[in-house]
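Take a look at the structure set out below.
Protein chains: 2
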Amino acid sequence: MAAEKLVPIRNTNQRQLIFEYLEHTLTHPTAEQIFQNMRQELPRISFGTVYRNLDILEKQGLISTVIYSKEHVRYQVGSMNHSHFVCSNCDKVKNVVIDDLTDLNNQVSRRHKVMVQKYNLIFYGQCANCQKM
Amino acid sequence: MAAEKLVPIRNTNQRQLIFEYLEHTLTHPTAEQIFQNMRQELPRISFGTVYRNLDILEKQGLISTVIYSKEHVRYQVGSMNHSHFVCSNCDKVKNVVIDDLTDLNNQVSRRHKVMVQKYNLIFYGQCANCQKM
DNA sequence: AATTTAAATAGGAATTATTCTTAATTGTAT
DNA sequence: ATACAATTAAGAATAATTCCTATTTAAATT
């Protein structure tokens, strides 16, 4: 665990807008989708800026990354306190409410002598729409 | 859900050896690691062959894919009936035993009117070794 | 055992997502 | 207003994965 150099974080318009977009969207966009959306307001924004700011926002705990398939990483506001369902057919992502799993982290920490900081639970299957077809 | 053309699957030495390697390793190798290992026995094997056979083995239900970070997809024998712990510091992956979660799929299926086929639960944190440092 | 045929392979090119590099820009402290 | 370091845009570089094609090979048929 290398000690990180402490560097002041400046407020930039780009990061502010990325966060606001994530805050207001109901979907779980990919970096590509975020980039395309930002281009409407900031036509000169680059992918590097999107990725860098997503990393910063995640380190600040304001957003979190959901890794739900080989191809697509998705982003959302807040930390990972809920789970996701991903339709294997149409790729849609749904937030999912499940019974309390808060003591799972402790259970795993105790049994395996590790320090669990978070978990990520993803369900895969067919959504209501795709089942009909 | 497009109907898939039924195509005979032939037994090849390459696929057999990839499966045997996964069967006997205790780690959760990446495609790269599998490729390097296969090269010892099959010096002419290509990445395409590794990826194609991993896909086939997964479709046959003989192995499964664990997506545990943006950078690294990992493979293991069997289906995903257990969970994983990933150390955020050293990247090591551990199999984790947790209390019965078998009715989680049903719980989610019922509440969200979807058909859950599998779930993937990953814990992130610091392993015993990395905590000491 | 030889022949046939489509599936699988090797090899390498192409694609895609992400990270890196650098000169120019900009937020903020003075 | 000025200075300075953090951030940006732009595009090159990298890495993982997929795709393409001529050749090879498993296995069914003769």
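Chains as they are written, first to last, in our numbering: chain A, 12 to 144; chain B, 12 to 144. Idealized CB from N, CA, C, for every residue including glycine.
**Prompt:** What residues are listed by DSSP as bridge partners for asparagine 131 of chain B?
**Reply:** A/Ile133
**Asked** Between which two residues does the alpha helix (DSSP H) harbouring asparagine 24 of chain A extend?
**Response** 24-35
**Message:** Measuring only the C-alpha atoms, how far is tyrosine 86 of chain A from leucine 17 of chain B?
**Reply:** 37 Å
**Message:** I need the DSSP call for valine 107 of chain B, collapsed to helix, strand or coil.
**Reply:** strand
**Message:** Which of the three DSSP states is assigned to methionine 126 of chain A in this structure?
**Reply:** If DSSP states are grouped into helix, strand and coil, methionine 126 of chain A belongs with the strands.
**Item:** Residue from A/Ser99, A/Ser75, A/Arg26 and A/Met144 with nearest C-alpha to arginine 63 of chain A
**Value:** A/Arg26
**Request:** Thinking valine 104 of chain A and histidine 39 of chain A are a contact (beta carbons under 8 Å), I'd like their distance in whole angstroms, please.
**Result:** Going by Cβ atoms, the distance from valine 104 of chain A to histidine 39 of chain A rounds to 5 Å, so yes, they are a contact pair.
**Message:** Output needed for serine 120 of chain B: all residues of its chain with C-beta closer than 7 Å, excluding positions within five of it in sequence on either side, in chain order.
**Reply:** Met126 and Val127
**chain A residues whose Cβ lies nearer than 9 Å to that of arginine 122 of chain B** = Val107, Val108 and Ile109
**Request:** Could you name the residues of the same chain whose beta carbon sits closer than 7 Å to that of glutamine 145 of chain B, not counting the 5 residues immediately before and after it, in chain order?
**Result:** With chain B covering only 12 through 144, there is no way to say anything about residue 145 of chain B.
**Asked** Nearest chain B C-beta to alanine 14 of chain A closer than 8 Å, yes or no?
**Response** In this predicted model, alanine 14 of chain A has a pLDDT of only 47, less than 50, meaning its place in the structure is not dependable; the value taken from the coordinates is given anyway. Closer than 8 Å: no.
**Request:** Report the partner residues of glutamine 87 of chain A according to the DSSP bridge assignment.
**Result:** A/Ser75
**Message:** According to DSSP, simplified to helix, strand and coil, what is cysteine 101 of chain A?
**Reply:** Three-state DSSP puts cysteine 101 of chain A in coil, outside helix and strand.
**Message:** Are the CB atoms of leucine 33 of chain A and valine 88 of chain A within a distance shorter than 8 Å?
**Reply:** yes
**Message:** Give me the DSSP bridge partner(s) of phenylalanine 96 of chain A.
**Reply:** A/Lys105 and A/Phe134
**Prompt:** Secondary structure at asparagine 140 of chain B, three-state DSSP: helix, strand or coil?
**Reply:** helix
**Local conformation of threonine 41 of chain A per DSSP, three classes** = Under the three-state reduction of DSSP output, threonine 41 of chain A falls in the strand class.
**Prompt:** Within this structure, are the beta carbons of phenylalanine 96 of chain A and histidine 95 of chain B separated by less than 8 Å?
**Reply:** no
**Item:** Boundaries (first-last residue) of the alpha helix (DSSP H) holding valine 18 of chain A
**Value:** Where valine 18 of chain A is concerned, there is no enclosing alpha helix (DSSP H), given that its DSSP letter is neither H nor E.
**Message:** So, with DSSP's three-state summary, where would you put lysine 70 of chain B?
**Reply:** helix
**Request:** With a threshold of 16 other CB atoms inside 10 Å of the CB of methionine 49 of chain B, please say whether the residue is buried or exposed.
**Result:** buried
**Message:** With the cut-off set at 8 Å, would you say tyrosine 79 of chain B and leucine 132 of chain A are in Cβ contact?
**Reply:** no
**Item:** Whole-Å CB distance - valine 107 of chain B paired with phenylalanine 134 of chain B, under 8 Å assumed
**Value:** 6 Å
**Asked** Whose Cβ in chain B lies nearer than 8 Å to the Cβ of serine 90 of chain A?
**Response** Result: empty, since nearest Cβ-Cβ is about 12 Å, beyond 8 Å.
**Message:** Tell me which residues share the same chain as valine 61 of chain A and place their Cβ nearer than 8 Å to its Cβ, disregarding the 5 neighbours each side in the sequence.
**Reply:** Hits under 8 Å: Ile29, Ala42, Ile45, Phe46 and Met49.
**Request:** Determine the chain B residues that contact glycine 136 of chain A at a beta-carbon separation under 7 Å, and present them in chain order.
**Result:** Val125, Met126, Val127 and Gln128
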